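Residue numbers (our numbering): 74 to 239. Heads up: the structure comes next, in structure tokens.
Below is the structure:
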């Protein structure tokens, strides 16, 4: 028994070998693309869990560029929509928390602690938590003019508290 040479194969044999090689290369590429896609999606999910919404969306878009066929576009669009909803929900919750404490003088809404300070129920309020929430809103890309307003109001309240201590 000897080895068979390519020239000795029939046309059907040559076509079969060609298709086998193409199939192996195509299958390998498909596996590579799928692994990269899943890596981007997993990284996006990890960032989403940490509250890094913009980074998660960026990674989801990279996954879509790698694999834009099959069910991938629908899956990615659902993930992006979910990330945007989670971001909006967090922004809404943070704004409510901030307004509950410091109020919104431009909208005519007074926070509970602003009223308490004026009525001398509190000699001090915890401002670090509100500052952290305002900073988080800034990271989430919230309206800069509103953030400026919230910081001004908080600073005004701090001055009221400081003056009461004297």
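Every residue gets a Cβ at the ideal spot worked out from N, C-alpha and C, and that includes glycine. Given the structure is predicted, the values throughout are model-derived calculations rather than measurements.
- With contacts defined as CB atoms closer than 9 Å, residue 154 and residue 126 fail to qualify as a contacting pair.
- Residue 216 carries a coil assignment under DSSP once its states are collapsed to helix, strand and coil.
- With a minimum length of 4 residues, the unbroken runs of alpha helix (DSSP H) contained wholly in the segment 115-195 fall at 126-139, 145-175 and 185-191.
- Nearest in C-alpha terms to residue 166, of all of 131, 213 and 235, is 213.
- With a cut-off of 8 Å on Cβ pairs, the segment 170-180 is in contact with the segment 218-233, counting three or more such pairs.
- Closest by C-alpha distance to residue 173, out of 129, 112, 110 and 207, is 207.
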